[in-house]
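K.L.:
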Amino acid sequence: MKLAASTTGRVQVVARQPTVVCPAKVVLPIASSRASVCCRYRNDTAPEGGKAYPADQAAQVLATLSTDAAWTSMDEPQQLLVAAGPKPIDKYLLLRELRATEPLMYHKFMVHHSHEVLPFIYTPTVGQACSDYHVLGIRTRGLYLTLEDKGNILNKLKAWPQKDIKVIVVTDGERILGLGDLGANGMGISEGKIELYTAAAGVDPNTCLPVCLDVGTNNVALRDHPAYRGMRRPRPADAEYDAFVDEFMQALKAWQPNLLLQFEDFGNHNAFRLLERYQPTHCCFNDDIQGTASITLAAVLAALRVKQEKLSQQRILFLGAGEAAAGIATLIAECINLREGVEYKEALKRCYLIDSKGLVCKSRTDLQHHKVPFAHDVPAAASLLDAVKTLRPTAIIGVSAQPAAFTKEIVELMAHINERPIIFPLSNPTKLAECTFQQAFEWTKGQVLFASGSPFDDITDSDGVVHHPPQANNAYIFPGVGYAAILTKAKTIPNVCFLIAAEKLAGMAYSEELARGSLFPPFNEIRDISASIMADVMTYLVDNGYGTVPAGWDRAEATSAGKANWRRKARRAQWCPLEALGLPTPPTNSSRL
29 MKLAASTTGR VQVVARQPTV VCPAKVVLPI ASSRASVCCR YRNDTAPEGG
79 KAYPADQAAQ VLATLSTDAA WTSMDEPQQL LVAAGPKPID KYLLLRELRA
129 TEPLMYHKFM VHHSHEVLPF IYTPTVGQAC SDYHVLGIRT RGLYLTLEDK
179 GNILNKLKAW PQKDIKVIVV TDGERILGLG DLGANGMGIS EGKIELYTAA
229 AGVDPNTCLP VCLDVGTNNV ALRDHPAYRG MRRPRPADAE YDAFVDEFMQ
279 ALKAWQPNLL LQFEDFGNHN AFRLLERYQP THCCFNDDIQ GTASITLAAV
329 LAALRVKQEK LSQQRILFLG AGEAAAGIAT LIAECINLRE GVEYKEALKR
379 CYLIDSKGLV CKSRTDLQHH KVPFAHDVPA AASLLDAVKT LRPTAIIGVS
429 AQPAAFTKEI VELMAHINER PIIFPLSNPT KLAECTFQQA FEWTKGQVLF
479 ASGSPFDDIT DSDGVVHHPP QANNAYIFPG VGYAAILTKA KTIPNVCFLI
529 AAEKLAGMAY SEELARGSLF PPFNEIRDIS ASIMADVMTY LVDNGYGTVP
579 AGWDRAEATS AGKANWRRKA RRAQWCPLEA LGLPTPPTNS SRL
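Using the numbering used here, read the sequence shown as starting at 29 and increasing by one per residue.
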């Protein structure tokens with residue numbers, strides 16, 4: 029290890045191992061063990077909030093990461109995060125550098141300290157990272173495929189240095205979180221999302237590939253920015269777009285026949301079309317539609333454990349009518365149909381949607397295809413407040429990206445209608461949440477059953493009881509479902525897999541956790557949680573002919589009596605950075621298995 033002074037005055041801790049530079053503006057880290065960290069912030073191009081932390085402090089902390097003690101210390105992430113500086117984006121940038129130069133150390137933090145580092149790797153910080161991706165000097169480790177690659181996509185995939193890819197997260201950057209069209213900057217969301225497969229479910233990071241389909245952007249200001257690295261053209265018409273995506277999908281089949289593909293942050297128009305087109309023929313899913321639906325259903329079912337009510341007794345009102353709202357409402361209706369025997373068309377009537385023109389209802393003639401099933405014979409309502417007054421819902425779910433849309437008047441009205449109102453502001457990032465936990469807690473006098481899309485701080489009530497606001501984080505769901513599909517080499521992933529995952533998660537919180545407002549187990553137990561979800565989903569896939577039993581697994585154990593053995597095997601199948609180094613691993617919380 030040595031310290032090197034740069035021309036800008038920053039101190040660099042230079043790694044002993046090099047970084048392999050790959051085509052398509054990519055940096056792919058090679059495997060390393062205890063090589064020290066090289067800090068490569070580009071302050072000359074970074075916006076305010078993206079500058080590096082003090083060099084002398086950084087060098088001292090980063091240098092300690094090359095010591096043996098750092099590999100067994102469980103306090104290291106906090107020291108690193110504090111050294112990065114006060115702004116979340118600084119922590120994000122340092123963690124990226126750590127991954128590039130010290131991947132096993134990085135993954136140790138991701139796996140064993142996920143609750144500490146994930147807010148900086150993924151939501152809420154990833155939103156700013158994507159918005160500023162073009163000016164942060166970020167070196168991507170993913171693969172860009174552009175419209176100019178048409179006719180050559182398979183060759184581009186075959187040229188990729190990692191040969192055993194098992195999972196891809198792909199975006200076209202059109203609808204990044206609640207931030208809109210970010211074009212090629214969307215690579216940041218693919219990079220962040222794919223990390224959760226390793227952190228939460230134990231997929232080997234060397235088999236994961238983030239991809240961005242760069243088809244241009246309709247964000248003129250971004251497109252014209254001198255630092256923008258994507259195609260400087262508007263998005264194509266459907267025919268050109270579809271031909272490009274179809275070549276990509278067929279190339280994946282030819283390159284890696286058993287690969288899992290996750291669609292991420294596509295615009296509403298394409299998200300539904302692509303899922304409908306490729307779900308029957310590819311092992312794929314859309315997390316914004318199916319993953320969000322599953323985690324939200326899990327939160328609703330867990331809340332109903334507190335209320336001791338049935339799902340069919342609820343009236344659920346969504347603020348927002350895009351892919352998230354339609355996906356959640358559809359899965360809720362499927363759950364009511366399959367588990368309570370209510371006819372599907374009748375089950376749909378338990379869910380109501382509000383779009384930019386008001387309540388989706390039968391009298392409207394301007395509805396998009398995905399909204400039609402929720403156009404019920406109810407009076408029109410121009411606003412959320414009017415709809416709450418008319419429908420008297422038991423739950424309101426925000427997927428609108430409209431901050432402060434759940435006003436005090438609306439929340440207090442929900443508390444007047446319901447003894448324990450269900451209020452879920454799910455919009456990401458945090459600044460777009462429809463309300464905060466503190467607001468919902470105070471306005472309902474502590475009676476709210478709450479879940480949010482981004483994290484909020486705990487609240488201590490007047491009796492000294494600490495209430496933990498649960499985050500409806502898709503990472504509770506999609507990594508386990510995805511790894512189950514990978515292990516069974518599933519041909520497709522039917523929707524019911526997300527229902528199975530939701531039901532499993534909804535039943536895992538202990539009664540004392542529910543009493544404190546925690547609808548889910550703590551995220552630091554995510555590996556055990558994912559293993560339980562994996563076992564149940566794998567059983568369904570094998571039983572119904574979608575997948576095969578993994579080598580070394582006993583099919584006879586995939587029963588209610590022997591399911592614990594599959595859960596333990598799922599846990600053992602999870603990649604662990606400490607095991608890769610021959611170091612002891614922390615014990616698992618077997619009570620969740």
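All residues carry an ideal CB built from backbone N, CA and C; glycine is no exception.
1. Please report the residue range of the alpha helix (DSSP H) in which L18 lies.
2. Should N572 go down as buried or exposed, given a rule of 16 or more other Cβ atoms within 10 Å for buried?
3. Can you tell me whether Q499 is helix, strand or coil according to DSSP?
4. If we ignore side chains and look at the alpha-carbon of each, how far apart do C525 and G206 end up?
5. Compare the Cα-Cα distances from C604 to each of I117, L387, H135 and Q106 and report the closest residue.
6. In chain order, what are the residue ranges of uninterrupted beta strand (DSSP E) at least 3 long that sit wholly in the region 361 to 405?
7. Taking T613 as the reference, which of Y306, L376 and F137 has the closest Cα?
8. Looking only at its chain, what residues have a beta carbon closer than 8 Å to the beta carbon of K399, apart from the 5 residues adjacent to it on each side?
9. Span of the beta strand (DSSP E) holding P453?
10. Does DSSP put P507 in a helix, in a strand, or in coil?
11. Would you mind reading off the limits of the beta strand (DSSP E) that contains P238?
12. Count the other CB atoms, across all protein chains shown, that sit within 10 Å of the CB of P449; report buried if there are 16 or more and exposed otherwise.
13. Would you mind reading off the limits of the beta strand (DSSP E) that contains Q290?
14. Residue ranges of each beta strand (DSSP E) run of no fewer than 3 residues wholly in the region 415 to 482, ordered along the chain?
15. Hey, V198 and C236 are a contact pair by Cβ (cut 8 Å); roughly how many whole angstroms apart?
16. Measuring alpha carbon to alpha carbon, tell me which of I528, I323 and V239 ends up nearest G170.
17. In three-state DSSP terms, what is Y225?
18. How far does the alpha helix (DSSP H) with N298 in it extend, from its first residue to its last?
19. Per DSSP, which residues does G348 bridge with? Please list them.
20. Determine which residues share a DSSP beta bridge with I487 and list them.
21. Does H143 pass the burial test, meaning 16 or more other C-beta atoms within 10 Å, or should it be called exposed?
22. Classify T493 as buried or exposed, calling it buried when 16 or more other Cβ atoms lie within 10 Å of its own Cβ.
23. If I'm right that L533 touches V334 with Cβ under 8 Å, what's the distance once you round it to whole angstroms?
24. Out of curiosity, what's the CA-to-CA distance linking N502 and L146?
25. Determine, using beta-carbon pairs with one atom in the region 293 to 313 and one in the region 406 to 413, whether at least three such pairs fall under 8 Å.
26. With a cut-off of 8 Å, do at least 3 Cβ pairs link the region 283 to 292 to the region 310 to 329?
27. Taking one C-beta from the region 363 to 376 and one from the region 441 to 460 each time, how about it: are there three or more such pairs within less than 8 Å?
28. Could you tell me whether the Cβ atoms of G575 and A537 are closer together than 7 Å?
29. Who are Q172's beta bridge partners in DSSP?
30. With DSSP as the reference, label Y574 as helix, strand or coil.
31. Pick helix, strand or coil for V593, following the three-state DSSP scheme.
32. So is E482 buried or exposed if we call it buried at 16+ other beta carbons inside 10 Å?
33. Going by C-alpha distance, which of L366, L122 and A513 is nearest P578?
34. Excluding the five sequence neighbours on either side, which residues of its own chain have a C-beta within less than 7 Å of the C-beta of A408, listed in chain order?
35. What residues match up with F313 in a beta bridge as DSSP calls it?
36. Kindly indicate the opening and closing residues of the alpha helix (DSSP H) around T324.
P.N.:
So, from the data block:
1. The shown model of the chain, from 29 to 621, leaves out residue 18, and the question about it has no answer.
2. The residue labelled residue 572 in the question sits at position 544 within the sequence shown. It is exposed - the Cβ of N572 has fewer than 16 other Cβ atoms within 10 Å.
3. On the sequence shown, residue 499 is found 471 positions in, with the first residue counted as 1. Three-state DSSP puts Q499 in a strand.
4. By 1-based counting over the sequence shown, the position of residue 525 is 497. By 1-based counting over the sequence shown, the position of residue 206 is 178. The alpha-carbon atoms of C525 and G206 are separated by roughly 26 Å.
5. In the sequence shown, the residue the question calls residue 604 occupies position 576. When each option's Cα is compared against that of C604, the closest is H135.
6. 379 to 383
7. In the sequence shown, the residue the question calls residue 613 occupies position 585. The shortest C-alpha separation from T613 is found at F137.
8. Working through the sequence shown from its first residue, we reach residue 399 at position 371. The residues are A349, A354, L381, D383 and V388.
9. Working through the sequence shown from its first residue, we reach residue 453 at position 425. Per DSSP, P453 belongs to the beta strand (DSSP E) from I450 to P453.
10. In the sequence shown, counting from the first residue as 1, residue 507 sits at position 479. Three-state result, P507: helix.
11. Here residue 238 is taken as the residue at index 210 of the sequence shown, counted from 1. C236 to D242 is the extent of the beta strand (DSSP E) around P238.
12. Looking up residue 449 in the sequence shown gives position 421. The residue is buried, with at least 16 neighbouring Cβ atoms inside 10 Å.
13. Here residue 290 refers to the residue found at position 262 of the sequence shown. Looking at the DSSP string, the run of the beta strand (DSSP E) that includes Q290 is L288 to F291.
14. 423 to 426 and 450 to 453
15. Position 170 of the sequence shown, counted from the start, is the residue given in the question as residue 198. Position 208 of the sequence shown, counted from the start, is the residue given in the question as residue 236. In fact, because the Cβ distance is near 12 Å, the residues do not count as touching under 8 Å.
16. Mapped onto the sequence shown, residue 170 falls at position 142. Per the Cα distances, V239.
17. The count along the sequence shown starts at 1 and reaches residue 225 at position 197. Y225: helix per DSSP, three-state reduction.
18. Translated into the one-based positions of the sequence shown, residue 298 becomes position 270. Counting along the chain, the alpha helix (DSSP H) containing N298 begins and ends at N296 to Y306.
19. As a working note, residue 348 is residue 320 in the sequence shown. In the DSSP output, where bridge partners are listed per residue, G348 has I382.
20. Here residue 487 refers to the residue found at position 459 when the sequence shown is read from its first residue. Its beta-bridge partners are H495.
21. The residue labelled residue 143 in the question sits at position 115 within the sequence shown. Result: exposed.
22. Here the question's residue 493 lines up with position 465 in the sequence shown. Correcting the residue type first, residue 493 is Val in the shown sequence and not Thr. So V493 ends up on the exposed side.
23. Within the sequence shown, residue 533 is the residue found at index 505, counting from 1. Within the sequence shown, residue 334 is the residue found at index 306, counting from 1. Actually they do not touch by this definition, with Cβ atoms about 15 Å apart.
24. Numbered from its first residue, the sequence shown carries residue 502 at position 474. Numbered from its first residue, the sequence shown carries residue 146 at position 118. Their backbone Cα atoms lie some 12 Å apart in a straight line.
25. no
26. yes
27. no
28. Sequence index remark: in the sequence shown, residue 575 carries index 547 (1-based). Sequence index remark: in the sequence shown, residue 537 carries index 509 (1-based). Contact flag unset, no.
29. Counted from its first residue, the sequence shown places residue 172 at position 144. The question names Gln, yet the displayed sequence has Tyr at residue 172. Note: Y172 sits in a beta bridge opposite C240.
30. Residue numbering aside, residue 574 sits at position 546 when the sequence shown is read from its first letter. If DSSP states are grouped into helix, strand and coil, Y574 belongs with coil.
31. Taking the sequence shown and counting its residues from 1, one reaches residue 593 at position 565. According to the sequence shown, residue 593 is Asn rather than Val. In the structure shown, N593 sits in a helix (DSSP, three-state: H, G or I).
32. Numbered from 1 along the sequence shown, position 454 holds the residue referred to as residue 482. A small correction: the amino acid at residue 482 is Ser; Glu does not occupy that position in the sequence shown. Buried is the call here.
33. Position 550 of the sequence shown, counting from 1, holds the residue named residue 578. P578 has its Cα closest to that of A513, out of L366, L122 and A513.
34. Looking up residue 408 in the sequence shown gives position 380. Correct list, in chain order: G386, L387, C389 and S391.
35. The residue labelled residue 313 in the question sits at position 285 within the sequence shown. Answer by DSSP bridge pairing, in chain order: Q290.
36. Counting from 1 along the sequence shown, the entry for residue 324 is found at position 296. It spans T320 to K335 - the alpha helix (DSSP H) in which T324 sits, taken as one unbroken run.
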